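Student:
In my numbering, the protein residues as written are 6 to 160.
1. For residue 146 versus residue 119, is the C-beta distance shorter than 8 Å?
2. Can you give the beta carbon distance from residue 59 to residue 71, rounded, assuming they're within the 8 Å contact cut?
3. For a test of the three-state rule: what should DSSP assign to residue 56, helix, strand or coil?
4. Less than 6 Å between C-beta atoms, sequence neighbours within five positions excluded: which residues of the same chain meet that for residue 91?
5. For residue 125, I'd like the list of residues in its chain whose CB is within less than 8 Å of its CB, leaving aside the five on either flank, ordered along the chain.
6. Please report the distance separating the alpha-carbon of residue 45 from that of residue 143.
7. What is the rounded straight-line gap between the Cα of residue 49 and the Cα of residue 41?
8. Taking residue 163 as the reference, give the member of 34, 103 and 121 with the closest Cα.
9. Select from 112, 138, 158 and 37 the residue whose C-alpha is nearest the C-alpha of residue 97.
10. Fully enclosed by the region 66-135, which beta strand (DSSP E) runs are 3 residues long or longer?
11. Cβ of residue 115 within 8 Å of Cβ of residue 138?
12. For residue 140, count neighbouring C-beta atoms within 10 Å of its own C-beta (all shown protein chains included) and say buried if the count is 16 or more, exposed if not.
13. Taking the C-alpha atoms as reference points, what is the distance between residue 117 and residue 131?
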């Protein structure tokens with residue numbers, strides 16, 4: 006497994022929330038952990054095994070080893086969301102920012118985000134499209150982001 010978070014690639018409050026700043030700092034790095042803190046102080050994110058691309062075009066890469074997680078939420082319980090459809094577990098970085106899942110299970114655009122959890126990643130306790138599921142990350146389906154950090158993981 007991974008021994009350490011090798012180094013911080015990107016911190017939105019330091020580097021800027023603009024999507025091109027994310028691409029400039031994270032492109033080319035495989036095995037990254039994205040951590041997000043919403044304005045309501047929920048903490049969540051995702052893991053991407055493939056490197057983020059530098060293009061602002063909408064490019065998706067199939068990443069069957071990617072996953073999403075929620076560490077701090079209204080349930081006071083961590084949750085792991087594993088791929089349900091391996092052929093739809095794409096990671097995107099486009100003109101908006103990092104995106105996990107074909108159904109935009111986690112969508113980040115600057116200091117705003119949204120959740121459509123359950124399309125490509127799921128947890129048995131939560132059902133696709135339900136209010137409770139979509140509130141898990143940012144407290145509601147669309148939310149404001151306080152901080153984003155991306156770390157490169159090393160073996």
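By construction, the Cβ of each residue, glycine as well, lies at the ideal position given by its N, Cα and C atoms.
Note that this is a predicted model, so its numbers are computed, not measured.
Tutor: In brief:
1. Locating residue 146 in the chain shown gives position 141, where the first residue counts as 1. Locating residue 119 in the chain shown gives position 114, where the first residue counts as 1. Cβ distance < 8 Å, so residue 146 and residue 119 count as in contact.
2. Position 54 of the chain shown, counting from 1, holds the residue named residue 59. Position 66 of the chain shown, counting from 1, holds the residue named residue 71. 19 Å between Cβ atoms; not a contact.
3. Mapped onto the chain shown, residue 56 falls at position 51. In the structure shown, residue 56 sits in coil (DSSP, three-state: anything other than H, G, I, E or B).
4. For the purposes of this step, residue 91 is identified with residue 86 of the chain shown, where counting begins at 1. Closer than 6 Å at the Cβ level, and outside the excluded window around residue 91, lie 69.
5. Position 120 of the chain shown, counting from 1, holds the residue named residue 125. These residues qualify, in order along the chain: 88, 89, 90, 93, 94, 95, 105, 106, 107, 108 and 110.
6. Sequence index remark: in the chain shown, residue 45 carries index 40 (1-based). Sequence index remark: in the chain shown, residue 143 carries index 138 (1-based). Going by the C-alpha atoms only, they are around 7 Å apart.
7. Mapped onto the chain shown, residue 49 falls at position 44. Mapped onto the chain shown, residue 41 falls at position 36. Whole-angstrom Cα-Cα distance: 5 Å.
8. The structure shown has nothing for residue 163, since the chain only spans 6 to 160.
9. Start at 1 with the first residue of the chain shown, and residue 97 comes out as number 92. Of the candidates 112, 138, 158 and 37, the one whose C-alpha sits nearest the C-alpha of residue 97 is 112.
10. Here the runs fully enclosed are 72-77, 84-88, 95-98, 103-105, 111-114 and 117-120.
11. For the purposes of this step, residue 115 is taken as the residue at position 110 of the chain shown. For the purposes of this step, residue 138 is taken as the residue at position 133 of the chain shown. The answer is no: Cβ separation not under 8 Å.
12. For the purposes of this step, residue 140 is taken as the residue at position 135 of the chain shown. Its Cβ being crowded by 16 or more others within 10 Å, residue 140 is buried.
13. In the chain shown, residue 117 corresponds to position 112, counting from 1. In the chain shown, residue 131 corresponds to position 126, counting from 1. Those two C-alpha atoms are separated by around 23 Å.
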